[in-house]
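So the structure is just underneath, and the comments pick up after that.
Number of protein chains: 2
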Amino acid sequence: MPVRPLPDRGLTIGYVAERTGLASSAIRYYEDEGLVRPDRNDAGHRRYARSDIRRLSFVMISQGLGFSLPEIRAALAELPEHRTPGKADWARISRRFGAVLDERIAQMQALRARLDGCIGCGCLSLKTCALYNPKDKARVRGPGPRYVMGDRSDEI
Amino acid sequence: MPVRPLPDRGLTIGYVAERTGLASSAIRYYEDEGLVRPDRNDAGHRRYARSDIRRLSFVMISQGLGFSLPEIRAALAELPEHRTPGKADWARISRRFGAVLDERIAQMQALRARLDGCIGCGCLSLKTCALYNPKDKARVRGPGPRYVMGDRSDEI
DNA sequence: TCTTGGCTTCAAGTTAACTTGAAGGATTAC
DNA sequence: GTAATCCTTCAAGTTAACTTGAAGCCAAGA
């Protein structure tokens, strides 16, 4: 099973999968999600550009950093369409993601600082606990509405 | 729709829902997940202890901090079974969660520090990018196996 | 010639953390 | 007494990020 060369014009999905470590099914899924736009050859098979490997690598890294596919798609949308993205293009995206990360880290630190005074104090009273403030809540995973705690007095 | 008092012995699920802000369905789900263990009255209706409100509040706060239900269940399992948990019990749990949070924050900061050198450098080469190290990856959401990037040379 | 392997599409399954709805029993309010 | 709530269980739907499987096309090697 040697690394396949370029068949017609462009890389096969299998080759790209091998190179990135992604499953072919994942790469197809990313296409459905608008993260890559490969060409097709006459047989209808996908053909990828070399720069798509970097694109997909960016997707993987960003996911590791905690970004969602829609967020990543939005970032990728700022890359040039008709020119292969260069160092400056990626650097711009990196700066923006870095700022978001900084914000998330700060938010986590704020939550952490409140932890001791809230659960740690043993009261957990709805009216005094700062952690009940929904604005401070980190991004919650999973669907469905999240209800915000009421603020009624209680002598639990 | 006044706040209902305690009917037989213990709080109804509707009352607890109102007090915590959780949906009744969520509270039942938490029971399925082993996070609360209400009694039942003769009719088979759930009856909660006052301390269950604090328990459920803890669940909500912990979720806001990014902990999963299994993690929260594990923490709650350390509370005393036959005695109403007191300040010291909650403080112990708080300290442990705080330590986990500190670790996660440190991990995020490490990732953030690498961001500029990785995406920002514009190379995104698999062989040089430190962010490809799977050990550094933040917790990924969603099911299914996550494939780790290979490390083959490339002049993308 | 045949079979092996990669490619295609499309439908359905997976996990987490729930919600929604159906069908029916219990409780409360008047 | 009866209607309006509230409660019960159980099955199925929801989102994200995929995987798995079915059914079929196409080209290369034994």
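In the order they appear, the protein sequences are chains A and B.
Quick note on numbering: the first sequence equals residues 1 to 156 in our numbering.
Quick note on numbering: the second sequence equals residues 1001 to 1156 in our numbering.
Using N, Cα and C, we set each Cβ at its ideal position, and we do this for glycine too.
query: Sort out for me which residues DSSP pairs LEU11 of chain A with in a bridge.; result: A:TYR48
query: Along chain A, which residues have their Cβ under 9 Å away from the Cβ of GLY1014 of chain B?; result: Ordered by position in chain A, no residue passes the 9 Å Cβ test against GLY1014 of chain B, which lies about 13 Å from the chain.
query: Identify the contact partners of GLN109 of chain A in chain B, using a Cβ-Cβ distance below 7 Å as the criterion.; result: ILE1105
query: At 8 Å on the CB atoms, spell out the chain B contacts of ARG28 of chain A, in chain order.; result: None at all; the shortest Cβ gap to chain B is about 14 Å.
query: So, ILE1093 of chain B versus GLU1078 of chain B, is the Cβ gap smaller than 9 Å?; result: yes
query: Using a Cβ-Cβ cut-off of 6 Å (strictly less than) and excluding sequence neighbours within five positions of TYR1048 of chain B, which residues of its own chain qualify?; result: GLY1010, LEU1011, VAL1016, PRO1038
query: For SER51 of chain A and VAL100 of chain A, what's the separation of their Cα atoms in angstroms?; result: 25 Å
query: Starting from the Cα of ALA1088 of chain B, find the closest Cα among A:GLY117, A:ARG73, A:ASP89 and give me that residue.; result: A:GLY117
query: With C-beta atoms as the reference, is ARG1046 of chain B less than 9 Å away from ARG1055 of chain B?; result: no
query: Below 9 Å between beta carbons: does that hold for SER1025 of chain B and GLY1014 of chain B?; result: no
query: Tell me where the alpha helix (DSSP H) around ALA1043 of chain B begins and ends.; result: Unbroken run through ALA1043 of chain B: none, as it is neither H nor E.
query: In chain order, what residues of the same chain have a beta carbon less than 8 Å from the beta carbon of ILE72 of chain A, not counting five sequence neighbours either side?; result: LEU35, PHE58, VAL59, SER62, GLN63
query: Which term fits ASP96 of chain A, buried or exposed, when burial requires 16 or more other beta carbons within 10 angstroms of its beta carbon?; result: Strictly speaking, residue 96 of chain A in this sequence is Arg, with Asp absent from that position. Label assigned to ARG96 of chain A: exposed.
query: Can you check which of these residues, A:ASP32, A:GLU31, A:LEU65, A:ARG114, is closest to ALA1113 of chain B by C-alpha distance?; result: A:LEU65
query: Just the C-alpha distance for GLY98 of chain A and GLY1086 of chain B, rounded to the nearest angstrom, thanks.; result: 42 Å
query: Enumerate in chain order the residues of its own chain whose CB-to-CB distance from THR1084 of chain B is below 7 Å, with the five nearest sequence positions on each side excluded.; result: SER1051
query: Determine the DSSP secondary structure at VAL1016 of chain B, reduced to helix, strand or coil.; result: helix
query: Using a beta-carbon distance cut-off of less than 7 Å, what residues from the segment 1055–1075 of chain B approach chain A?; result: SER1057, PHE1058, MET1060, ILE1061, GLN1063, GLY1064, LEU1065, GLY1066
query: Figure out for me which residue from B:LEU1069, B:ALA1043, B:LEU1115 has the closest Cα to the Cα of ILE1027 of chain B.; result: B:LEU1069
query: Since ILE157 of chain A and ILE1105 of chain B should fall inside the 8 Å C-beta cutoff, what is the C-beta to C-beta distance between them, to a whole number of angstroms?; result: Since the first residue shown for chain A is 1 and the last is 156, residue 157 of chain A is missing from the structure and cannot be characterised.
query: I need the straight-line Cα distance from LEU1111 of chain B to ARG19 of chain A, nearest angstrom please.; result: 23 Å
query: Residues of chain A with a CB under 8 Å from the CB of ASP1042 of chain B: which are they?; result: What ASP1042 of chain B touches in chain A: nothing, since even the nearest Cβ is about 27 Å away.
query: Say whether chain A places a C-beta atom closer than 9 Å to the C-beta of GLY1010 of chain B.; result: no
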